[in-house]
Amino acid sequence: MEFDIWITFIIATTIVTILPGPTMLLVVSHAMTSGSKKTLITVSGIILADCILLFLSLIGVGAVLYRSEIAFHLMKYLGVIYLIYIGVKQWCIKPSIVKSVSADSKVKNAKTMFTEGFLVTLLNPKLIGFFLAFLPQFITLEHPLYLQLIVLVITFLSIVFIVLGGYFLLAAQMKSLLLHPKAIEIMNKTSGSMLISAGLITATIKQD
Numbered sequence: 001m002e003f004d005i006w007i008t009f010i011i012a013t014t015i016v017t018i019l020p021g022p023t024m025l026l027v028v029s030h031a032m033t034s035g036s037k038k039t040l041i042t043v044s045g046i047i048l049a050d051c052i053l054l055f056l057s058l059i060g061v062g063a064v065l066y067r068s069e070i071a072f073h074l075m076k077y078l079g080v081i082y083l084i085y086i087g088v089k090q091w092c093i094k095p096s097i098v099k100s101v102s103a104d105s106k107v108k109n110a111k112t113m114f115t116e117g118f119l120v121t122l123l124n125p126k127l128i129g130f131f132l133a134f135l136p137q138f139i140t141l142e143h144p145l146y147l148q149l150i151v152l153v154i155t156f157l158s159i160v161f162i163v164l165g166g167y168f169l170l171a172a173q174m175k176s177l178l179l180h181p182k183a184i185e186i187m188n189k190t191s192g193s194m195l196i197s198a199g200l201i202t203a204t205i206k207q208d
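Here the sequence shown is numbered in the working numbering, starting from 1 and rising by one per residue.
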């Protein structure tokens, strides 16, 4: 994998990972009610679910790549459309979802926190489709597929851990700010704009 493609993947993954959504809000909620250290357990559940979803997604990516180069490029441009679509949806989200985050203020045990992190991620029906749309944008057909996928998966999971870690550390210090509707609205519009831009830029990238 070329270095510039890898750097682009890091930037794109970071943008995608910081999107406000159920996983981020769960992490913030757990950090507020149980502390930043215990929230590492929640993040562990999220990472495990991401691993499972990535594996299932990569089976699909591999099947498409080995079946047809035309199918690969079709998948790529469908992915571009999907990125733009979720960017528009992200822009239009209203911050009312925040109200449900702090509903349960009880300190939860480790098993509950891990299970919630795991299930919230695993049961998100958009994630497999998103991975299938996202990963092919950074794969070149001239290099070994599985070496590229290993690099992408390790990079993705590392960034997820770092970003979620940043969220729960911030949550411990800035509880009221992170859950303020206006802050969530700004994050929604900013991240939505970034996704739309990422989709448009990706459409111009050629597969060597």
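C-beta atoms are modelled at their ideal positions from N, C-alpha and C, and glycine is treated no differently.
The structure presented is a predicted model; accordingly, all values stated were derived computationally and were not measured.
**Prompt:** Secondary structure at LEU25, three-state DSSP: helix, strand or coil?
**Reply:** Start at 1 with the first residue of the sequence shown, and residue 25 comes out as number 25. For LEU25, the secondary structure class from DSSP, reduced to helix, strand or coil, is helix.
**Request:** Determine the closest residue to PHE3 out of PHE138, SER29, ALA203, ILE162, with distance taken between C-alpha atoms.
**Result:** Here residue 3 corresponds to residue number 3 of the sequence shown, with the count starting at 1. Comparing alpha carbon positions, the residue from PHE138, SER29, ALA203, ILE162 closest to PHE3 is PHE138.
**Request:** In angstroms with no decimal places, state the Cα-to-Cα distance between LEU200 and ILE154.
**Result:** By 1-based counting over the sequence shown, the position of residue 200 is 200. By 1-based counting over the sequence shown, the position of residue 154 is 154. Taking the straight line joining both Cα atoms gives about 26 Å.
**Asked** Since PHE156 and GLY45 are thought to touch, with beta carbons under 8 Å apart, how far apart are those beta carbons, to the nearest angstrom?
**Response** By 1-based counting over the sequence shown, the position of residue 156 is 156. By 1-based counting over the sequence shown, the position of residue 45 is 45. Contact doesn't hold; Cβ gap of about 17 Å is too wide.
**Request:** Pull up the distance between the alpha-carbon of GLY21 and that of VAL28, whole angstroms please.
**Result:** Start at 1 with the first residue of the sequence shown, and residue 21 comes out as number 21. Start at 1 with the first residue of the sequence shown, and residue 28 comes out as number 28. The C-alpha of GLY21 lies about 11 Å from the C-alpha of VAL28.
**Request:** Pick helix, strand or coil for PRO144, following the three-state DSSP scheme.
**Result:** In the sequence shown, the residue the question calls residue 144 occupies position 144. Here PRO144 sits in coil by DSSP.
**Prompt:** So, are the CB atoms of THR42 and PHE114 less than 8 Å apart?
**Reply:** Mapped onto the sequence shown, residue 42 falls at position 42. Mapped onto the sequence shown, residue 114 falls at position 114. In this structure, THR42 lies near PHE114, with their beta-carbon atoms less than 8 Å apart.
**Prompt:** Taking the C-alpha atoms as reference points, what is the distance between PHE9 and SER197?
**Reply:** Within the sequence shown, numbered from 1, the residue matching residue 9 stands at position 9. Within the sequence shown, numbered from 1, the residue matching residue 197 stands at position 197. In a straight line, the C-alpha of PHE9 is about 14 Å away from that of SER197.
**Message:** Going by DSSP, what residue range makes up the alpha helix (DSSP H) through LYS111?
**Reply:** If you number the sequence shown from 1, residue 111 lands on position 111. Residues 110-122.
**Message:** What residue range does the alpha helix (DSSP H) around ALA12 cover?
**Reply:** Position 12 of the sequence shown, counting from 1, holds the residue named residue 12. Per DSSP, ALA12 is one residue of the alpha helix (DSSP H) stretching across 3-17.
**Request:** Kindly indicate which three-state DSSP category LYS37 falls into: helix, strand or coil?
**Result:** Locating residue 37 in the sequence shown gives position 37, where the first residue counts as 1. The answer is coil: DSSP assigns LYS37 none of H, G, I, E or B.
**Asked** What's the call for ILE84, buried or exposed, on a 16-neighbour Cβ count within 10 Å?
**Response** Walking along the sequence shown from the start, residue 84 turns up at place 84. Around the CB of ILE84, 16 or more other CB atoms lie within 10 Å, so the residue is classed as buried.
**Item:** Whole-angstrom distance between ASN109 and TYR77, CA atom to CA atom
**Value:** Residue 77 sits at position 77 when you count from the first residue of the sequence shown. Residue 109 sits at position 109 when you count from the first residue of the sequence shown. The alpha-carbon separation between TYR77 and ASN109 amounts to approximately 44 Å.
**THR39 beta carbon less than 8 Å from that of PHE168** = What you label residue 168 is simply residue 168 of the sequence shown in a count that begins at 1. What you label residue 39 is simply residue 39 of the sequence shown in a count that begins at 1. Taking 8 Å as the Cβ cut-off, PHE168 and THR39 qualify as a contacting pair.
**Asked** Buried or exposed: which applies to ILE159, given that a residue is buried once 16 or more other Cβ atoms fall within 10 Å of its Cβ?
**Response** Walking along the sequence shown from the start, residue 159 turns up at place 159. Label assigned to ILE159: buried.
**Prompt:** Roughly how many angstroms lie between the CA atoms of THR112 and VAL120, to the nearest whole one?
**Reply:** Stepping through the sequence shown from its first residue, residue 112 is reached at position 112. Stepping through the sequence shown from its first residue, residue 120 is reached at position 120. Just so you know, the alpha carbons of THR112 and VAL120 end up roughly 12 Å apart.
**Asked** Of all the options VAL151, PRO144, LEU53, VAL80, which has the alpha carbon lying nearest to the alpha carbon of PHE134?
**Response** As a first step, residue 134 must be located in the sequence shown, where it is residue number 134. For the residues VAL151, PRO144, LEU53, VAL80, the minimum Cα distance to PHE134 belongs to VAL80.
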